[in-house]
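Engineer:
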Amino acid sequence: MKIYDVENFPNPLRVRIALAEKNATANVEFVPVDLLNGEHRTDAFLAKNPLAGVPVLELDDGTFISESTAITEYIDTAFEGPSLMGKTAKERAVINMMQKRAESMVLDAVATYFHHATDGLGPDLEVYQNAGWGEKQGEKARQGFSYFNDVLEQSAFVAGEQFSIADITLYAGLVFAGFAQIAIPNELTHLVAWQEKVAKRPSVAV
3 MKIYDVENFP
13 NPLRVRIALA
23 EKNATANVEF
33 VPVDLLNGEH
43 RTDAFLAKNP
53 LAGVPVLELD
63 DGTFISESTA
73 ITEYIDTAFE
83 GPSLMGKTAK
93 ERAVINMMQK
103 RAESMVLDAV
113 ATYFHHATDG
123 LGPDLEVYQN
133 AGWGEKQGEK
143 ARQGFSYFND
153 VLEQSAFVAG
163 EQFSIADITL
173 YAGLVFAGFA
183 QIAIPNELTH
193 LVAWQEKVAK
203 RPSVAV
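So the sequence shown is numbered by my numbering: it starts at 3 and just counts up by one.
1) Only counting the same chain, and skipping five residues up and downstream in sequence, which positions put a Cβ closer than 8 Å to that of L38?
2) Under a Cβ-count criterion, where at least 16 other Cβ atoms within 10 Å of its own Cβ denotes burial, should E23 be classed as buried or exposed?
3) With a 10 Å radius around its C-beta and 16 neighbouring C-beta atoms as the bar for buried, classify Q139 as buried or exposed.
4) To test your reading of the DSSP string, which unbroken beta strand (DSSP E) runs of 3 or more residues are found completely within the stretch 38-120?
5) Can you tell me which of the three DSSP states V153 falls into?
6) Is it right to say M99 is buried, meaning 16 or more other beta carbons lie within 10 angstroms of its own, or is it exposed?
7) Have a look at the DSSP bridge pairing and note the partners of E31.
8) Quick one: what does DSSP say G124 is sitting in, helix, strand or coil?
9) According to DSSP, is F11 part of a helix, a strand, or is it coil?
10) By Cβ distance below 6 Å, which residues in the same chain neighbour L59 in space, the five residues on each side in sequence not counted?
11) Which residues in the same chain have their Cβ closer than 6 Å to the Cβ of F81, if we skip the five residues on either side of it in sequence?
12) Output needed for G162: all residues of its chain with C-beta closer than 6 Å, excluding positions within five of it in sequence on either side, in chain order.
13) Give the straight-line distance between the Cα atoms of R144 and L190, rounded to the nearest whole angstrom.
14) Count the other C-beta atoms from every protein chain shown that fall within 10 angstroms of the C-beta of N188, then say buried if there are 16 or more, exposed otherwise.
15) Please classify V33 as buried or exposed, where buried requires at least 16 other C-beta atoms within 10 Å of its C-beta.
16) On the CB-based measure, 16 or more other CB atoms within 10 Å of its CB, does E105 come out buried or exposed?
17) Three-state secondary structure (DSSP) at F165?
18) Should D126 be flagged as near chain B, meaning a C-beta pair shorter than 9 Å?
19) Does the separation of the CB atoms of S70 and R103 fall below 9 Å?
20) Among residues of its own chain, excluding the 5 on either side of A95, which ones have a beta-carbon nearer than 6 Å to its beta-carbon?
21) So who's on the other strand from F159, going by DSSP bridges?
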């Protein structure tokens, strides 16, 4: 298998953590994409993912899978180890719900802030910006921090007592927030402690 990505970008980070959690990193060849020079917009890359995003998983039979959640679901099913998506109907539903919230309330909100309210990836790549919308999404991300702080006051992880894809998505969102200079308020002690705990996991601290 191959994964086309940009190391340390937030969505590729999600997939790399999932692979590491399943002890499957060695099963994948990582192919760097020169996003800053527009490789993701070339015909060759668009044939892999028409939406021009990374990461993209290429299976041995030539199938291309994009969208981080879909790639993680494949990884979770294809490799042995603790499930990241849940096993029972209830577990899968709760993890799916919380993963979606982590994505929309934090990761995607931070991404919109970064691409619209800051210089983002520079004028050559940021061909349209709406600063007001970006600032609004920055505020949404801060509200998301508060929401997840309350969640983590009640449970060890985002979707309960087991580490899951929901934790991976939220962690990537917080890493991106730090890069975009959206600070986590110190009073959100449960969120801060959770971030420090996840950062020490072998799949993350590499």
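Every residue, glycine too, gets a C-beta built ideally from N, C-alpha and C. Bear in mind the structure is a predicted one, so any value in this text is a computation, not a measurement.
Structural biologist: Short version:
1) Leaving aside the five residues that flank L38 on each side, the residues in its chain whose CB is nearer than 8 Å to its CB run, in chain order, L123, G124, L127.
2) With 16 or more Cβ atoms within 10 Å of its Cβ, E23 is classed as buried.
3) Buried.
4) Whole beta strand (DSSP E) segments, 3+ residues: 58-60, 66-68.
5) In this structure, DSSP gives V153 a helical state, which the three-state scheme calls helix.
6) The residue is exposed, with fewer than 16 neighbouring Cβ atoms inside 10 Å.
7) Paired residues: K4.
8) In this structure, DSSP gives G124 a state outside helix and strand, which the three-state scheme calls coil.
9) Coil at F11, not helix or strand.
10) So the qualifying residues of the chain are I5, I67, I73.
11) A distance below 6 Å between beta-carbons, with the five flanking residues on each side excluded, links F81 to the following residues of its chain, in chain order: K24, A26.
12) In its own chain, leaving out the 5 sequence neighbours on each side, no residue places its CB closer than 6 Å to the CB of G162.
13) In a straight line, the C-alpha of R144 is about 11 Å away from that of L190.
14) Classification for N188: exposed.
15) Flag for V33 reads exposed.
16) Under this definition E105 is a buried residue.
17) For F165, the three-state secondary structure derived from DSSP is coil.
18) The structure shown contains no chain B; it holds only a single protein chain.
19) R103 is positioned such that its CB atom lies no closer than 9 Å to that of S70.
20) If you ignore the 5 residues before and after A95, its C-beta comes within less than 6 Å of no other C-beta in its own chain.
21) Paired residues: G162.
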